[in-house]
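Chemist: Residue numbers (this note's numbering): 9 to 225.
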Amino acid sequence: MTDDHSKPWETTRRGLLLLVSSPAGAGKTSLSRRLVSDNADMTLSISATTRDPRPGEEEGREYFFVDRPGFEAMIAQGHFLEWAEVNGNLYGTPKAAVMAALDAGKDVLFDIDWQGAKQIAEAASADSVRVFILPPSWEDLSRRLHARAQDSEAVINSRLLLGKDEIAHWGAYDYVIVNKNFDRAYADLSHIYRAERLKPGRNTWLPEFVEGLLAEG
Ligand code: 5GP
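Here's what the structure looks like:
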């Protein structure tokens, strides 16, 4: 390949939107964050939320924490690509950051509930890939939520109840991973990402590359 062809190889790719959903406690956040940290071409969409920060969470790292009037003003200003109410709190995906990431040739991972995944997949169906993470058992899910020790018993119970509603939507997803073992589940997620990344339509440099290849021969 000549230098002329190496540039499109690096730059003309079409960003992929990886939408990852699961009930709370199934390991979605750890899996997602590891995939983003292992892939320089991928960035995490940081949502805004009206829920309170949990111990250890930082403004702008896990979420942008805003109050309800502030969130409602952001909705009115068209700030969000999608937003939804989950367990009494509002969550939304800021549009500008996602657009900037796509313009910069990055893929974007969304840690998002089924309502948000549905909205984004409908708006950008060719660019969206939906992955659902399931726990290996209900007992395991409950154990993981308790082990986090970040929430009260009442909050844990409402998150478990909400998890049932989330799981009910698993059939709308392109891929489903049962997170029995973190390394195995991570390998599966990583392979899904790599395979989806190799689809011809996501590599807009390919026609020119193939043309050059044939011209050389
Ligand atoms: P948590 O409070 O545990 O961080 O998140 C609760 C749920 O909200 C999770 O299922 C999470 O994926 C989802 N969520 C986080 N950010 C967004 C968002 O921007 N939009 C939507 N629709 N859901 C989100």
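Backbone N, C-alpha and C define an ideal beta-carbon position, used for all residues, glycine too.
1. Following a CB-centred definition, is Gln-123 positioned closer than 6 Å to any heavy atom of the ligand 5GP?
2. What residue does the alpha helix (DSSP H) around Trp-122 start on, and which one ends it?
3. Where do the ends of the beta strand (DSSP E) carrying Val-44 lie?
4. Where Lys-172 and Gly-220 are concerned, what is the direct C-alpha to C-alpha distance, given to the nearest angstrom?
5. If Val-94 sits next to Asp-121, beta carbons under 8 Å apart, how far is it from one beta carbon to the other, in whole angstroms?
6. Indicate, with yes or no, if the ligand MN has a heavy atom lying under 6 Å from the CB of Ile-120.
7. Whole angstroms are fine: how far does the CA of Asp-46 sit from the CA of Pro-208?
8. Which class does Asn-165 belong to by DSSP, given the choice of helix, strand or coil?
9. Would you mind giving the Cβ-Cβ distance between Ala-56 and Val-74, rounded to the nearest angstrom? I have them listed as a contact below 8 Å.
10. Under the DSSP definition of a beta bridge, which residues are partnered with Trp-91?
11. Would you call the region 157-172 in contact with the region 22-36, where contact means no fewer than 3 C-beta pairs closer than 8 Å?
12. Look at Val-186 and Leu-142 and say whether their C-beta atoms are less than 7 Å apart.
13. Can you tell which of Ile-175, Pro-215 and Gln-158 has its C-alpha closest to the C-alpha of Glu-65?
14. Round the Cβ separation of Tyr-183 and Val-116 to the nearest angstrom and send it over; I've been treating them as touching at under 8 Å.
15. At what residues does the alpha helix (DSSP H) containing Ser-136 begin and finish?
16. Does DSSP classify Ala-56 as helix, strand or coil?
17. Return yes when the C-beta of Tyr-99 is under 6 Å from any heavy atom of the ligand 5GP, and no when it is not.
18. Do you know how far the Cα of Lys-188 is from the Cα of Ser-198?
19. Could you check if Ala-92 belongs to the surroundings of the ligand 5GP, using beta carbon to heavy atom distance under 6 Å?
20. Classify Ser-40: buried if its beta carbon has 16 or more other beta carbons within 10 angstroms, exposed otherwise.
21. One question on the structure: do Leu-149 and Gly-23 come within less than 7 Å of each other, judged by their Cβ atoms?
22. Flag Ser-55 as yes when its Cβ comes closer than 6 Å to any non-hydrogen atom of the ligand 5GP, and as no otherwise.
23. Which residues in the same chain as Ala-132 place their Cβ atom closer than 8 Å to its Cβ, once the five residues preceding and following it in sequence are excluded?
Modeler: Put simply:
1. It does: the Cβ of Gln-123 is within 6 Å (strictly closer) of some heavy atom of the ligand 5GP.
2. Trp-122: member of the alpha helix (DSSP H) spanning 122-131, first to last residue.
3. In the DSSP assignment, Val-44 falls outside any beta strand (DSSP E) and within the unbroken alpha helix (DSSP H) covering 36-46.
4. Rounded to the nearest whole angstrom, the CA to CA distance from Lys-172 to Gly-220 is 52 Å.
5. By a beta-carbon distance limit of 8 Å, Val-94 contacts Asp-121. Their separation comes to about 5 Å.
6. Within the structure as shown, the ligand MN is missing, the only ligands being the ligand 5GP.
7. Going from the Cα of Pro-208 to the Cα of Asp-46 covers about 23 Å.
8. Residue state, collapsed to three classes: helix.
9. Ala-56 to Val-74, Cβ: 5 Å. Contact.
10. Answer by DSSP bridge pairing, in chain order: Gly-100.
11. In this structure the region 157-172 touches the region 22-36; the number of beta carbon pairs closer than 8 Å is three or more.
12. Taking 7 Å as the Cβ cut-off, Val-186 and Leu-142 qualify as a contacting pair.
13. The shortest C-alpha separation from Glu-65 is found at Gln-158.
14. At roughly 17 Å, the Cβ-Cβ gap does not stay under 8 Å, so Tyr-183 and Val-116 are not in contact.
15. For Ser-136, there is no enclosing alpha helix (DSSP H); the enclosing beta strand (DSSP E) covers residues 136-142.
16. In the structure shown, Ala-56 sits in a strand (DSSP, three-state: E or B).
17. Checking every heavy atom of the ligand 5GP against the Cβ of Tyr-99, one is found closer than 6 Å.
18. If I take the Cα positions, the gap works out to 16 Å.
19. Yes; taking the cut-off as 6 Å, the Cβ of Ala-92 has a heavy atom of the ligand 5GP nearer than that.
20. Taking every protein chain shown into account, the CB of Ser-40 has 16 or more other CB atoms within 10 angstroms, so this residue is buried.
21. No.
22. Short note on Ser-55: C-beta closer than 6 Å to some heavy atom of the ligand 5GP.
23. Excluding residues within five positions, the ones whose Cβ falls inside 8 Å are Leu-25.
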